[in-house]
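Novice:
In the numbering used here, the protein residues as written are 2 to 214.
1. Looking only at its chain, what residues have a beta carbon closer than 6 Å to the beta carbon of residue 116, apart from the 5 residues adjacent to it on each side?
2. Residues in the same chain with beta-carbon distance under 6 Å from residue 66, minus the five sequence neighbours each way, listed in chain order, please.
3. Just the C-alpha distance for residue 182 and residue 138, rounded to the nearest angstrom, thanks.
4. Do residue 194 and residue 89 have their C-beta atoms within less than 9 Å of each other?
5. Quick check on residue 52: does DSSP put it in helix, strand or coil?
6. Between the beta-carbon of residue 124 and the beta-carbon of residue 56, is there less than 9 Å?
7. Using a Cβ-Cβ distance cut-off of 9 Å, determine whether residue 85 contacts chain C.
8. With 16 other CB atoms within 10 Å as the buried threshold, where does residue 121 fall?
9. For the alpha helix (DSSP H) containing residue 69, name the first residue and the last one.
10. Sort 134, 150 and 143 by Cα distance to residue 180 and report the nearest one.
11. Around the C-beta of residue 201, are 16 or more other C-beta atoms found within 10 angstroms, so that it is buried, or is it exposed?
12. Just tell me which of 91, 142, 49 and 85 has its CA closest to the CA of residue 111.
13. Nearest-angstrom Cα distance between residue 51 and residue 141?
14. Please return the same chain residues whose Cβ sits closer than 7 Å to the Cβ of residue 186, not counting the five positions on each side in sequence.
15. Among the residues of its own chain, which have a CB less than 6 Å from the CB of residue 31, if the five just before and after it don't count?
16. Does the beta-carbon distance from residue 100 to residue 198 come in below 9 Å?
17. If you draw a straight line from the alpha carbon of residue 1 to that of residue 176, how long is it in whole angstroms?
18. Closest by CA to residue 192, which one among 146, 126 and 132?
Laid out in structure tokens, this is it:
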């Protein structure tokens with residue numbers, strides 16, 4: 002695959018779709034719709050397009066992209082703890098360096114954006130997984146409560162001891178609620194960072210267009 006040009010970066014939201022098609026291991030019968038290049042795309046739209054890109058990548062290229070996204074997220078966490086001065090976009094460039102020359106091309110700016118979109122997508126997936134776990138825990142707690150009530154009714158006058166599992170599940174529910182909040186914060190930060198970068202790209206594109214008039 003050829004490199005991604007700087008002019009393609011100016012319409013970065015279209016780039017995701019074009020890269021997804023070019024890096025495909027086989028043709029897709031239902032290509033994802035391209036994003037509107039005339040307006041600043043939302044991070045949600047870019048993350049959705051990112052899913053189409055990843056689905057078309059060969060397994061090895063997909064693993065490399067996912068590893069770069071994990072590296073980017075780890076860099077952000079370390080930076081938050083050390084008060085580093087690098088911007089999220091600079092961290093994304095560093096994490097994307099391992100992808101240069103592969104299936105996604107050599108343009109480090111384009112690769113950095115793809116890594117940021119993948120990290121945001123992964124954070125959203127983490128959030129969905131935590132929500133599923135929390136829902137399952139709540140369902141189990143409710144089943145235990147119904148069982149207790151049933152046993153009390155069947156053994157009227159006999160105090161039914163509280164199953165130890167219910168206490169454990171209550172503690173687990175509290176831990177999962179805390180984990181949910183932390184995961185929501187991470188996902189929100191990833192999407193906010195991606196939104197800021199997309200806005201800067203759109204602003205730059207607009208400024209270039211004005212200067213050419």
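The C-beta atom is built at its ideal place from N, Cα and C for all residues, glycine as well. Owing to the predicted nature of the structure, the values given are computational and were not obtained by experimental measurement.
Specialist: Taking the coordinates as given:
1. 69, 70, 73, 93, 96 and 97
2. Annotation for residue 66: 119 place their beta carbon closer than 6 Å to its own, counting only its chain and skipping 5 residues before and after.
3. 16 Å
4. yes
5. helix
6. no
7. Note that chain C does not occur in the displayed structure, where there is just one protein chain.
8. buried
9. 60-83
10. 134
11. exposed
12. Residue nearest to residue 111 within the set 91, 142, 49 and 85 is 91 (criterion: CA-CA distance).
13. 35 Å
14. Counting only Cβ-Cβ distances below 7 Å, and skipping sequence neighbours, we find nothing.
15. Note that residue 31 scores a pLDDT of 44, beneath 50, so its modelled location is shaky and nothing firm can be said.
16. no
17. This structure cannot settle anything about residue 1, because the visible part of the chain is limited to 2 through 214.
18. 126
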